[in-house]
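2 protein chains.
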Amino acid sequence: MKIPRGLQRELKAIVGRDNLVIDRDLLALYGSDASTRNSAPDLAVIPANGDEAEQAVRIAVKNGVPVVPRGAGSGVCGGCVPIRGGMVVSLARMNRIIAIDPENHLARVSPGVINNELKLAAAEHGLFYPPDPASLKFCTLGGNVATGAGGPSAVKYGVTRDYVRALDCVLADGSRVGFGTACAKGVAGYDICRLLVGSEGTLALFTEITLALVPRPTAEAVFLLSTNSARGAADLVAPILRVTTPRALEFMDQTAVELVKDRLPLGLADQGAALLLIELDGDSETVAIQKRILNDFLRHRPEVKGLSEAATPEEAEELRAARRSLSAASFKLNPDKINEDVVVPRTKIPELVDFVHHTGRELAIPVFTFGHAGDGNLHVNIMIDKKNPRQREAGAEARKKLFRRVIAMGGTITGEHGVGLSKRKFLPEEIPPTGLGVMAGIKKAFDPGNLMNPGKIFPDSPPAV
Amino acid sequence: MKIPRGLQRELKAIVGRDNLVIDRDLLALYGSDASTRNSAPDLAVIPANGDEAEQAVRIAVKNGVPVVPRGAGSGVCGGCVPIRGGMVVSLARMNRIIAIDPENHLARVSPGVINNELKLAAAEHGLFYPPDPASLKFCTLGGNVATGAGGPSAVKYGVTRDYVRALDCVLADGSRVGFGTACAKGVAGYDICRLLVGSEGTLALFTEITLALVPRPTAEAVFLLSTNSARGAADLVAPILRVTTPRALEFMDQTAVELVKDRLPLGLADQGAALLLIELDGDSETVAIQKRILNDFLRHRPEVKGLSEAATPEEAEELRAARRSLSAASFKLNPDKINEDVVVPRTKIPELVDFVHHTGRELAIPVFTFGHAGDGNLHVNIMIDKKNPRQREAGAEARKKLFRRVIAMGGTITGEHGVGLSKRKFLPEEIPPTGLGVMAGIKKAFDPGNLMNPGKIFPDSPPAV
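Heads up: the sequence lines are chains A and B, in that order. Those letters in the first sequence? Residues 805 to 1269, by the working numbering. Those letters in the second sequence? Residues 805 to 1269, by the working numbering.
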């Protein structure tokens, strides 16, 4: 779009020359995320604080320029890709942990703080910030809130939503307002704070986030369990959750195991095994109790082929790192990936795993799955070579079949990645017209000009109300 | 308001003659709740199921008749009082636990199910539904969701909001739609489900609720701790939460103790003591560990005057029942009560307790406090005789001072009761005009005719957008 010269001048006066990006080569860097989408904005600003962000947004929307908030660009659904151009607001400089309140178990942070930095800062006070997306070492808390990010620890500790107490934000008319309360409880007026969680930048830009923390577990135990078949591992998920609540209960099918085999203990990862990674945490005494309960249970299960416990914290971290490296390792199979974070009721994990493998065989492309089995949230990886038309078509077909099956199973097409660009055309399969109409009405109430991250979530945008 | 005769006929055809209430004496019963407000509706329907509720709402709104959902009428803020007349929809017959899914830790219930009935049904499957408002033996889950109800166990287990997975509801245009997912995770589209939690019947009428359950704790330990001063007890709250996370951490000031003294162990409740009721739960081994940690900690605190542990489950229940009976016992002090459920960051509990007592002395009326200290959520009881003009005025003044102080402390005017009628004029003190404007915009998007429980939450209604 055509950006008026006066607007550039005004923005420069707010953020300073160095924090206004107008160079085309540089702007390309603000046009992508971890999906394959790419669309450069017309300009980008990097405000130093909430006041600058507020002023920049106000000027942009007054001029009818779309506003697209951007954290680390680590999203996988194109959520921060500015497909309609306009102004990207990078939160890269708003990366300060403003305060940790150890007595009230709270953190106040700017939206550009990296997830793991809050974890480290909380740990210094004996506290813990649980949400742990695989990108935790580079993704931002603002992006986590915008997508409603989850991670392996959700099975015990919940997702980002469960930790957001209050949000300060800039609305589509450029006004600044806070929602929620730092207190442990609060029901004064509508829960706008939780409505904003997962709204993917389409309703507001966050300028400050208040997050709850929990006491830090001081002990852990990490197990790797192998089975002869993916079905065997999947069948163990619901029964394990009957006897204990692990911090993580991660599944890898045989293909996933094969991909990261070099990083896993020999013997366990051999010969076509599927795996469960089981993590327990708490204080040392309660972890000992949980270990005993888990061992007693697993001893009697015929599915269990091998069981190994990480002997040291370093070994435990290696196992977790191997699990996290799966995403990158998947490209050994094919150069392009369709990665979907579908969710089903956890008792349906075995059925989903069977279906995924059947679909890969049927369409003759590599399809494998791993993920947060304890939550019923699996990452299904459909590996294709985009340059091969047959594979491209088979990939699209596999994806469609997957979503349809998951919805038929009472599941959802996205557990933690969000809708963004890549799932918006499938949203109407999950959410009926009446529900989409309510969402469109909310979008319109917040952003009548459709300037906040336009073109996301809704299948047609601006959405029909 | 004038109800067209044709409307009555249509409603009778839907719910049957026996479930349409038009008799004036009977309608008076649908006009009150546990507040002192009373305003009879023009008619009431008692639908048998979601289909009947949907049809009844559709006909009412088509005729411009306000719709006011009603659970047990146990709210204390006038939330279900039909101040603009219209049609009450009683959920009394929609009281079925539709299904408990023990493998996925889920319950599907109709909105009229009583909180404690779900607790009992879940227990049969080794599961637990934690939210525990004091009215748990008669309040309904629909009302709990509508108000965002909490209770003592929130300090460990969270509030109603944390358990609502999905809601089926009827909207203001009479359409029926579901929001949320039964799965453990889900971020497809805006989180309308959580927006509806705490919306007090102003956005939609619930026809079915899907709730998460957790594994049932199999052991508990209940302690009563006495201190010489209210301040002494309040000072212990934050430090206790540093060493353990109890299931409940309830506070009673000296007046509260005096009121229920007959039901508490001798010695502890004597001589001007303030109390903390501390409950631990888990399996027997972890409870034993927590007990040891708690005892080790309390041994070194000078505030502790006495400490007694309930020897049997019956004794534990007696202590909890004594705590729950406080609300009724308060009328020994004066015939009328102003009961506010304010919240502050928990480290400010001592300051709040001091302020509450100071205010009572200053205004020469009985003011006492007890409640969920672990959450920073105190029930402040301002006892007056309404027939006494000085006391009435002092009560109003105490209330105003309380809210102002709480907001200045970074707190909120309602932690779990809701706004309803009785707090709506104070909402603008906590929520700025921009925030109220966003809420009004949402109300208008859902309910342009302002027919869903009109006159609630917003200080002026229909709210200006």
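Each residue gets a CB set at the ideal place from its N, CA and C atoms; glycine is no exception. This structure is a prediction, so every number in the text was calculated from the model and none was measured.
Pairing LYS1227 (chain B) with ALA988 (chain A) gives a Cβ-Cβ distance that is not under 9 Å.
The shortest C-alpha to C-alpha distance from SER1030 (chain B) to any of B:VAL959, B:ARG980, B:ALA1023, B:GLU1107 is the one to B:GLU1107. Within its own chain, the residues whose Cβ lies closer than 8 Å to the Cβ of LEU1255 (chain A), once the five positions on either side in sequence are excluded, are ALA864, VAL865, GLY868, VAL869, PRO870, VAL871, GLY890, ALA976, listed in chain order.
Taking a C-beta cut-off of 7 Å against chain B, the contacting residues of the region 1008-1038 of chain A are PRO1019, listed in chain order.
The Cβ neighbour count for GLY1241 (chain A), taken over all protein chains shown within 10 Å, is at least 16; the residue is labelled buried. Interface residue (Cβ-Cβ distance to chain B less than 9 Å): ASN842 (chain A) is not classified as such.
Under the three-state reduction of DSSP output, LEU833 (chain A) falls in the coil class, being neither helix nor strand.
Between the alpha carbons of VAL913 (chain B) and PRO937 (chain B) lies a distance of about 18 Å.
Taking C-beta atoms as the reference points, GLU858 (chain A) and VAL849 (chain A) fail to come closer than 9 Å. Between ASP1057 (chain B) and PHE1135 (chain B) a beta carbon distance of about 17 Å is seen, past the 8 Å cut, so the two are scored as non-contacting.
Residue state for ASP827 (chain A) is assigned as coil, using DSSP reduced to three classes. No Cβ of chain B is located within less than 9 Å of the beta carbon of ARG1105 (chain A). Non-local beta-carbon contacts of LEU1167 (chain B) in its own chain, meaning distances under 7 Å to residues more than five positions away in sequence, involve ALA1198, GLU1201, ALA1202 in chain order. A residue is called buried once 16 or more other Cβ atoms fall within 10 Å of its Cβ, and ASP1066 (chain B), having fewer, is exposed.
At the C-beta level, GLY879 (chain A) and HIS1221 (chain A) come within 9 Å of one another.
Sixteen is the threshold: when 16 or more other Cβ atoms of the shown chains lie within 10 Å of the Cβ of LEU1231 (chain B), as they do, the residue is buried. For the region 825-854 of chain B, there are no residues whose beta carbon sits under 9 Å from a beta carbon of chain A.
Close CB contacts of ILE818 (chain A) within its chain, under the 7 Å cut and outside five residues either way in sequence, are with GLU856, GLN859, ALA860 (chain order). Rounded to whole angstroms, the separation of the alpha carbons of PHE932 (chain B) and ASP1085 (chain B) is 12 Å.
Boundaries of the beta strand (DSSP E) harbouring ASP1145 (chain B): 1140-1147, taken from the DSSP string. Contact with chain A is absent for ASN1143 (chain B), since none of that chain's Cβ atoms lies less than 9 Å from the residue's Cβ. Spatial neighbours of ALA1038 (chain A) in its own chain (CB-CB distance under 6 Å, excluding positions within 5 residues in sequence) are listed in chain order as ILE1153, PRO1154, VAL1157.
Between the C-alpha atoms of LEU922 (chain A) and ALA1016 (chain A) there is a straight-line separation of about 11 Å. In the same chain as GLY955 (chain A), and ignoring 5 residues on each side of it, the C-beta atoms closer than 6 Å to its own belong to PRO935, ASP936, PRO937, in chain order.
Straight-line measurement puts the Cα of LEU1068 (chain B) at about 27 Å from the Cα of THR1151 (chain B). Take the alpha-carbon of ALA925 (chain B) and the one of THR1049 (chain B): they are about 26 Å apart.
Burial state of ASP846 (chain B) is buried, judged by a 10 Å Cβ sphere holding 16 or more other Cβ atoms. Inside the region 902-938 of chain B, DSSP marks whole beta strand (DSSP E) runs of 3 or more residues at positions 910-913, from first to last along the chain. The shortest CA-to-CA distance from GLY1215 (chain A) to any of A:ILE1235, A:VAL1047, A:VAL892, A:VAL1148 is the one to A:VAL1148. Per DSSP, the beta-bridge partners of SER1030 (chain B) are B:LEU1079, B:GLY1110. Contact with chain A is found for VAL1001 (chain B), since one of that chain's Cβ atoms lies less than 9 Å from the residue's Cβ. It is roughly 21 Å from the alpha-carbon of ASN899 (chain A) to the alpha-carbon of LYS816 (chain A). Residues of the same chain with a CB within less than 7 Å of the CB of GLU1234 (chain B), apart from the 5 flanking positions on each side, are ILE1211, THR1216, ILE1217 in chain order. When B:ARG1128, B:SER1131, B:LYS1191, B:LYS1204 are compared, the shortest CA-CA separation from GLY1164 (chain B) is found for B:LYS1204. Note that the C-beta distance between ASN1181 (chain A) and ASP1145 (chain A) is below 9 Å. At a Cβ-Cβ threshold of 9 Å, VAL981 (chain A) and GLY1239 (chain B) count as neighbours.
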